[in-house]
Every structure is written in C-alpha cells, then in structure tokens.
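Asks: Going by my numbering, the letters in the sequence shown line up with residues 725 to 1033, in that order.
C-beta: ideal position from N, C-alpha, C; glycine also.
Because the structure is a prediction, the values reported are computed rather than measured.
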Amino acid sequence: MMIPGFVKEVRTMRGPSEDYSRIEKAILFLGENFRSQPSLEEVARSVNLSEYHFQRLFRRWAGISPKRFLQFLTIEYSKGLLEESKNLLDVTYEAGLSSPGRLHDLFVAIEAMTPGEYKSRGGGLRITYGIHPTPFGPCLLATTERGICGLSFHRREDCGRAVKNLKSQWPGATFSEGPALTGPLVNRIFHSARAAAGRPLNLFLKGTNFQIKVWQALLKIPTGAVVSYEDLAVLLRRPGSARAVGSAVARNPVAFIIPCHRVIQKFGAAGDYRWGSARKKAILAWEAARRPGADGNGADSSRPLAALP
C-alpha cells in the first residue's frame, strides 16, 4: 500500500538527495579501491560522470573541490583531527553535560521520557512524521508536541519500510503524516543559515539513563570535531567502558542532530554507522568542508586519494 503523499515527497528528492547518491557511490568506490590509489578521473568514471561534471557536483554539494573533499576522508586527516579535538573537547565538557547542546546556530535540548511513558511505549502520544530530501539522502523525521523523537536516513526505495519500522517502535502512539509540519524542522536542521536560531530545537527521547547521558555528551562535540569511543568514555567519567558507550552511541534515534557520526575509532577509521558507513564518512567530510580554511589554500593537490577504510 502506498503511503499518502509519499510519491510527491519522493519526486522532490531528486535535487540534494540525487547529488548525495553519487557522492556515496564515489566514497564506496574509494573504500573498495583505496590500495590502488585511484585517480580523480577514475573516481568520476565510477559514478558515470566526466571529471568536469564531477568537479561541479562536489562544488554544488560540498562547496569545495572533490580533491580537497576526499582528502578529508583519509586516515591521516582523521588522526590529526582526533588530536586537535581533544583540547577543544576538554574545555567544552568542563561546562557540564546537562546544559543545552548546539547544532550549528541552534540550541538543542533533550527531554527524556519518564519511566511510565517508556513502559507504555508511546501510549497517548501523537506522532507526526514526514519524508524529506536532505544533503545526505532522504530522511524520515518524527515529532511530538514535546519534541523530535526520531530522525533517520534511508534510500528512496526503503522509505515506506522505514515508516512501518517507526510505527513498530511506538506501538501505543497515534500516527499522522504531516510534511507541512516536519518540513520546516528539516530546513532548520540541515539549512541553518536560513533558520530562526532563536528558538531551541527540542528532542523527546526514550532511552535508559545511561543512553540519555551519552546522547547529551554527543551534543557537546562541535561541528568539525571528532572523538574516539575511548575518549568519550573518559569524558563521561566511565573509563574502561568504551564498549557500553559505543552501544549507546549506536542506539541514537536522532541522526545528525545528536552527532553520533562524530565518534570514530581511536586509530582514525570512521567505523560503523547505523545509517551506513559511507554516509558517516560523507557527513564528516561535509562538516570538515565547513571549517575555516577548508577550501584547501596551501593544500598539496598532488597527493593521492586514500579513503577511510
């Protein structure tokens, strides 16, 4: 059965989501062939583009050249960023984990479900959802009167299945499709330059006390920074519990807003991601492209490409 309004939403995804599809394929190609150090022309050919149109694709999607963007995918860059981020994170976490986090210029606040609400699995809640294009492919956003309760990325053909999965997670809730309500939220999240930054972005989440604490900690990782699972455990004053921290990170129900993509392996590899490792690498490099000096002035453009494994 076709979801009402679904076809219309799918048709609107051919812009940023179509660009992302090619970006993802390029990243996957690099991951599969990093030992042979493919040229930019070879990477472009893998997504059926000329080198000229490949350049235009990256300028449009990331704002920088593909050569510079793909350098942000290297193990070397990631290792350096881990070290660079440590001092910044030490200062950030001194402010405390309970204060609101930030997404670009937006303040983000988490409200956790009460034990009774958690047990009822959404009983009495009214959840509105919508499927929308983003720079990282189609997303499904779900929200309540108390805040956003879910954001996930999917392939276009999987969006219908994603809605069914959402409903299975909240069996006691009442659902309605409302892209007119969820669309402005998606714009605030992914296009913050156009957003009204004054109002906080509220999240309404179900999780254990430990999971909520980990998700609050993730909100403190600034855009363009990364942290290892081990360092995140230390910052949470739980040294030695990197595995438990990793499990909580993996259960994050709100992609991108709670930046679980900024947690990587201690030796520099991106690691797993609930919504696909290639998407994680794309988001990390996209965010790196927004750091000061990311345009690559002075960068060594003769260096080979080597994607994160």
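Does His985 come out as helix, strand or coil in the three-state DSSP assignment?
Replies: Taking the sequence shown and counting its residues from 1, one reaches residue 985 at position 261. If DSSP states are grouped into helix, strand and coil, His985 belongs with the helices.
Asks: By the three-class DSSP mapping on this structure, what secondary structure does Ala993 have?
Replies: Position 269 of the sequence shown, counting from 1, holds the residue named residue 993. It is coil, neither helix nor strand.
Asks: I need the boundaries of the alpha helix (DSSP H) containing Ser844, first residue and last residue.
Replies: Here residue 844 refers to the residue found at position 120 of the sequence shown. Element bounds for Ser844: 839-844.
Asks: Going by alpha carbons, who is nearest to Asp955 out of Arg880, Asn772, Ser965?
Replies: Here residue 955 is taken as the residue at index 231 of the sequence shown, counted from 1. Checking every option, the nearest Cα to that of Asp955 belongs to Ser965.
Asks: Which one or two residues does DSSP pair with Tyr853 in a beta bridge?
Replies: For the purposes of this step, residue 853 is taken as residue 129 along the sequence shown, with counting starting at 1. According to DSSP, Tyr853 bridges with Ala866, Glu901.
Asks: If I'm right that Phe934 touches Thr868 with Cβ under 8 Å, what's the distance once you round it to whole angstroms?
Replies: The count along the sequence shown starts at 1 and reaches residue 934 at position 210. The count along the sequence shown starts at 1 and reaches residue 868 at position 144. Going by Cβ atoms, the distance from Phe934 to Thr868 rounds to 23 Å, so no, they are not a contact pair.
Asks: Counting only runs that start and end within the segment 922-957, where is the alpha helix (DSSP H) found for 4 or more residues in a row?
Replies: The qualifying runs are 933-942.
Asks: What does the Cβ neighbour count give for Asn976, buried or exposed, with the cut at 16 atoms within 10 Å?
Replies: Along the sequence shown, read from residue 1 onward, the residue named residue 976 stands at position 252. Asn976 should be labelled buried.
Asks: I'd like to know if the segment 740-752 and the segment 853-862 are in contact, where contact means that at least 3 CB-CB pairs between them fall below 8 Å.
Replies: yes
Asks: Along the chain, where does the beta strand (DSSP E) that runs through Ile872 open and close?
Replies: Residue mapping note: residue 872 aligns to position 148 of the sequence shown, counting from 1. Looking at the DSSP string, the run of the beta strand (DSSP E) that includes Ile872 is 871-877.
Asks: If you draw a straight line from the alpha carbon of Val938 to that of Gly948, how long is it in whole angstroms?
Replies: Position 214 of the sequence shown, counting from 1, holds the residue named residue 938. Position 224 of the sequence shown, counting from 1, holds the residue named residue 948. About 19 Å.
Asks: Identify which residue in Ala836, Ser770, Leu875, Glu835 has its Cα closest to the Cα of Thr852.
Replies: Residue numbering aside, residue 852 sits at position 128 when the sequence shown is read from its first letter. Ranking the options by Cα distance to Thr852, first place goes to Leu875.
Asks: Nearest to Ser971 by CA position, among Asp996, Ile855, Lys843, is which residue?
Replies: For the purposes of this step, residue 971 is taken as the residue at position 247 of the sequence shown. For Ser971, the nearest C-alpha among the options comes from Asp996.
Asks: Given a threshold of 16 other Cβ atoms within 10 Å of its Cβ, counted over all protein chains shown, does Phe991 qualify as buried or as exposed?
Replies: Counting from one through the sequence shown, the residue named residue 991 turns up at place 267. Result: exposed.
Asks: For chain D, find out if any of its Cβ atoms is closer than 9 Å to the Cβ of Ala1013; answer yes or no.
Replies: Structure shown: chain D not included; a single protein chain is present.
Asks: Cβ atoms of Gly854 and Leu673: under 9 Å apart, would you say?
Replies: Since the displayed the chain opens at 725 and closes at 1033, residue 673 lies outside it and no answer follows.
Asks: Among the residues of its own chain, which have a CB less than 6 Å from the CB of Met837, if the five just before and after it don't count?
Replies: Locating residue 837 in the sequence shown gives position 113, where the first residue counts as 1. Lys930.
Asks: Pop quiz: Ala941 and Leu959 are said to be a contact at Cβ under 8 Å. What is the actual Cβ separation, rounded to whole angstroms?
Replies: What you label residue 941 is simply residue 217 of the sequence shown in a count that begins at 1. What you label residue 959 is simply residue 235 of the sequence shown in a count that begins at 1. Right, the Cβ-Cβ distance comes to about 6 Å (below 8 Å), so this counts as a contact.
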